[in-house]
Ligand SMILES: Nc1ncnc2c1ncn2[C@@H]1O[C@H](COP(=O)(O)OP(=O)(O)OP(=O)(O)O)[C@@H](O)[C@H]1O
Ligand SMILES: [Mg+2]
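Numbering (the UniProt record's numbering), first residue to last: 1 to 501.
So this is what it looks like as structure tokens:
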């Protein structure tokens, strides 16, 4: 077990003045699941990019299977059997599972793609990995969990011996999580080494053998998971004691801000609720229950087929997200990287993107006004960036998410919909976002929070609506909250709910 597969020595990566990684030395053993933890911007993804040859180290060496390299190249790293599973998938949606697994390495017969052979090999692979999947299904028809699994199978089929998962567990349903965990066990049996990056510490404890912590680009510690508590791990990460607690929303609940009356479209059915000023209304349910679809309908991203919406007592029907924004409804989307940001633009441009018209004086953009506004948000949200002109692409994942938040706050909407607000956000920053939500409530905003993190849903909501199969199946008051009660409602079977696909 103590055979070392990877050893890094004094590994560093500087970007001008930013020391993304500074003098990192530690090792990874063959066949272990090794967690990499640290706050947003700690250097985790940068470390991975050095291993895959996407970046060259500024200093230090990488030793893989006892051979030292001054740098990796993408080809070398692939030849060594190193594979990365990113959160943004690289699969081709309209190709089948089998075609995706063998993409770029198609099996041929007489110069023609041999689909039968590919299907057969993919099926064998599924069997070997204990995955129940029709390999002829198009990838776009699969849920996130299975897409992730296809990515892993693709890596396995390439003989990957070292798989890196950078925040792999997008929200999975309970069943999916189990499938995913089973796959990790299978990989463990096959002696595949795994580096696992996740902000969900429960997963680290459930899945991993050892954990390494980075803080501000520096190496802090490597521990056996069984020798460390969650509290200790958090304090290694943030460099201080931090308790996981939720602020109490003391905002006074005012008049009804938003009212949904029997909203129905292809994916949701008869959704009715009221949101008051100062209220944080939680939406619970399993992934795919239709919560994001409710948000999209309110925000104007999806059409409503029947039912009505009222804002401050007046009927409205948002025709587009832009229109929704005009009515004061802002969405902080679940998939922030794809929906919320323009990666090639700066922090400043992204933040003020939606509000340029508010920063103009007779058609001329007031530069100083824009700049001080952006600086305020960088400070308020503690966005880790050298300055406001930094390109969004160069920030860490968690900090990119904070920019999307800043952009929405800048629009000054009075209804804010947070879809999975703390996904990909580190423990410390989570608390900042919670504090921000209660502060917004205090300022009289109405907040809708969709969350699959049970403690967060229970800790932050004034009231919880539980959804299942496109319908609201229960409403819980604070005194009625328990994880079991919510899960029980969320798993309400389809009975009584008509199919409306
Ligand atoms: N190409 C780049 N140019 C300039 N700075 C960069 C570049 N890439 C990364 N950085 C900086 O390096 C630091 C580490 O970033 P990295 O993406 O490795 O963090 P992370 O630990 O993966 O964080 P998260 O949990 O938010 O994904 C950050 O401060 C980031 O802004
Ligand atoms: Mg990252």
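Positions of the beta carbon are idealized from the N, C-alpha and C atoms, including for glycine.
Span of the beta strand (DSSP E), counted from its first residue to its last, around residue i
{"i": "residue 521", "result": "Past the edges of the chain, shown from 1 to 501, lies residue 521, and the structure says nothing about it."}
{"i": "residue 263", "result": "256 to 264"}
{"i": "residue 274", "result": "271 to 276"}
{"i": "residue 438", "result": "Careful: residue 438 lies outside any beta strand (DSSP E), inside the alpha helix (DSSP H) at 427 to 442."}
{"i": "residue 138", "result": "It is not in any beta strand (DSSP E) - residue 138 carries neither H nor E in the DSSP assignment."}
{"i": "residue 35", "result": "33 to 37"}
{"i": "residue 332", "result": "329 to 332"}
{"i": "residue 200", "result": "First-last for residue 200: undefined, no H or E at that position."}
{"i": "residue 510", "result": "Absent from the structure is residue 510, since the part of the chain shown begins at 1 and ends at 501."}
{"i": "residue 20", "result": "18 to 29"}
{"i": "residue 7", "result": "4 to 15"}
Coarse secondary structure for residue i, derived from DSSP in three states
{"i": "residue 96", "result": "strand"}
{"i": "residue 353", "result": "helix"}
{"i": "residue 396", "result": "coil"}
{"i": "residue 292", "result": "helix"}
{"i": "residue 70", "result": "coil"}
{"i": "residue 476", "result": "strand"}
{"i": "residue 499", "result": "Bear in mind that a pLDDT of 45 at residue 499, under 50, signals an unreliable position, so the number given afterwards is only what the model happens to contain. Three-state DSSP puts residue 499 in coil, outside helix and strand."}
{"i": "residue 209", "result": "coil"}
{"i": "residue 413", "result": "coil"}
{"i": "residue 230", "result": "helix"}
{"i": "residue 130", "result": "coil"}
{"i": "residue 150", "result": "helix"}
{"i": "residue 102", "result": "coil"}
{"i": "residue 218", "result": "strand"}
{"i": "residue 569", "result": "This structure leaves residue 569 out entirely; the chain is present only between 1 and 501."}
{"i": "residue 61", "result": "strand"}
{"i": "residue 524", "result": "Since the displayed the chain opens at 1 and closes at 501, residue 524 lies outside it and no answer follows."}
{"i": "residue 237", "result": "helix"}
Buried or exposed by the 16-neighbour rule on C-beta atoms within 10 Å, applied to residue i
{"i": "residue 231", "result": "exposed"}
{"i": "residue 93", "result": "exposed"}
{"i": "residue 430", "result": "buried"}
{"i": "residue 135", "result": "buried"}
{"i": "residue 16", "result": "exposed"}
{"i": "residue 388", "result": "buried"}
{"i": "residue 217", "result": "buried"}
{"i": "residue 347", "result": "buried"}
{"i": "residue 321", "result": "buried"}
{"i": "residue 334", "result": "buried"}
{"i": "residue 204", "result": "buried"}
Among the options, nearest to residue i - alpha-carbon criterion
{"i": "residue 418", "options": "162, 98 and 294", "result": "294"}
{"i": "residue 82", "options": "95, 65, 97 and 90", "result": "65"}
{"i": "residue 142", "options": "478, 476 and 288", "result": "288"}
{"i": "residue 471", "options": "442, 73 and 260", "result": "260"}
{"i": "residue 185", "options": "352, 41, 246 and 31", "result": "31"}
{"i": "residue 432", "options": "194, 480, 380 and 233", "result": "380"}
{"i": "residue 144", "options": "350, 86, 324 and 9", "result": "86"}
{"i": "residue 506", "options": "25, 447 and 135", "result": "Residue numbering for the chain in the displayed model covers 1 to 501; residue 506 lies beyond these limits and cannot be assessed."}
{"i": "residue 210", "options": "203, 222, 200 and 5", "result": "222"}
{"i": "residue 407", "options": "342, 311 and 435", "result": "342"}
{"i": "residue 126", "options": "150, 107 and 110", "result": "150"}
{"i": "residue 460", "options": "129, 487, 491 and 422", "result": "422"}
{"i": "residue 47", "options": "12, 80, 18 and 74", "result": "12"}
{"i": "residue 415", "options": "310, 482 and 493", "result": "310"}
{"i": "residue 235", "options": "257, 248, 201 and 253", "result": "201"}
{"i": "residue 274", "options": "262, 313, 477 and 256", "result": "256"}
{"i": "residue 370", "options": "188, 385, 384 and 349", "result": "349"}
Cutoff 6 angstroms; reference residue i; Cβ partners in own chain excluding five residues on either side
{"i": "residue 397", "result": "424"}
{"i": "residue 7", "result": "27 and 63"}
Residues near residue i by beta carbon distance below 7 angstroms, same chain, minus five either side
{"i": "residue 265", "result": "297, 302, 303, 304 and 305"}
{"i": "residue 207", "result": "33, 181, 184 and 196"}
{"i": "residue 508", "result": "Residue coverage of the chain in this structure runs from 1 to 501, which leaves residue 508 outside it and unanswerable."}
{"i": "residue 522", "result": "With the chain running from 1 to 501 in the structure shown, residue 522 is simply not present."}
{"i": "residue 84", "result": "48, 52, 164 and 166"}
{"i": "residue 479", "result": "none"}
{"i": "residue 351", "result": "374, 377, 403, 406, 407 and 410"}
{"i": "residue 344", "result": "391 and 393"}
Other residues of its chain near residue i: CB distance less than 8 angstroms, five sequence neighbours each side excluded
{"i": "residue 382", "result": "402, 429 and 432"}
{"i": "residue 132", "result": "126"}
{"i": "residue 10", "result": "23, 24, 25, 59, 60 and 61"}
{"i": "residue 500", "result": "Annotation note: pLDDT 45 at residue 500 (below 50); position unreliable, coordinate value reported separately. Cβ neighbours of residue 500 beyond the five flanking positions: 264, 266, 267, 269 and 470."}
{"i": "residue 484", "result": "none"}
Span of the alpha helix (DSSP H) around residue i
{"i": "residue 110", "result": "Where residue 110 is concerned, there is no enclosing alpha helix (DSSP H), given that its DSSP letter is neither H nor E."}
{"i": "residue 375", "result": "367 to 380"}
{"i": "residue 46", "result": "44 to 51"}
{"i": "residue 325", "result": "321 to 326"}
{"i": "residue 303", "result": "First-last for residue 303: undefined, no H or E at that position."}
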